Amino acid sequence: MKKPLQSKTKIAPYITPQGQKRLSEELSYLWKVKRPQVTRAVAEAAAMGDRSENAEYIYGKKQLRQIDSRIRFLAKRLSELIVVD
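Heads up: the sequence shown begins at 1 in the working numbering, then just goes up one per residue.
In structure tokens:
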């Protein structure tokens, strides 16, 4: 019988006001600036035709997945954090 998987090490839910600001700014930048840029680039690449052999389209979709993953992580993390001085 296999052992249950160990959960990842929990990170302390404490953060300084400066750290919270930095994470919030990163989340805002990704959501309001970076993601729209990449979305436009993917739309332009998709308009070029065959998507299966379109490197710009494939790379753009990969970038979107990475950005979305980071956005989800930051949003969840910020909701769990406790700000300390």
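Every residue, glycine too, gets a C-beta built ideally from N, C-alpha and C.
For clarity, every value in this text was computed on a predicted model and none was experimentally measured.
- Leu74 versus Glu56: straight-line alpha-carbon distance, rounded: Position 74 of the sequence shown, counted from the start, is the residue given in the question as residue 74. Position 56 of the sequence shown, counted from the start, is the residue given in the question as residue 56. Roughly 27 Å separates the two Cα atoms.
- Going by beta carbon distance, what residues of the same chain come within less than 8 Å of Leu78, once the five residues before and after it are set aside? In the sequence shown, residue 78 corresponds to position 78, counting from 1. Within the same chain, Leu78 has close Cβ partners Gln20, Leu23, Ser24 and Leu27.
- Message: Closest to Gln66 by C-alpha separation, out of Arg35, Glu80 and Lys76, would be which residue?
- Response: Taking the sequence shown and counting its residues from 1, one reaches residue 66 at position 66. Ranking Arg35, Glu80 and Lys76 by Cα distance to Gln66 puts Arg35 first.
- Message: Let me check understanding here. Comparing Cα to Cα, which of Ala46, Asp68 and Val84 lies closest to Lys32?
- Response: The sequence position of residue 32 within the sequence shown is 32, counting from 1. Nearest option by C-alpha distance: Asp68.
- Message: If I measure Cβ to Cβ from Pro17 and keep anything under 8 Å in the same chain, skipping five residues before and after, which residues do I get?
- Response: Numbered from 1 along the sequence shown, position 17 holds the residue referred to as residue 17. Correct list, in chain order: Val83 and Asp85.
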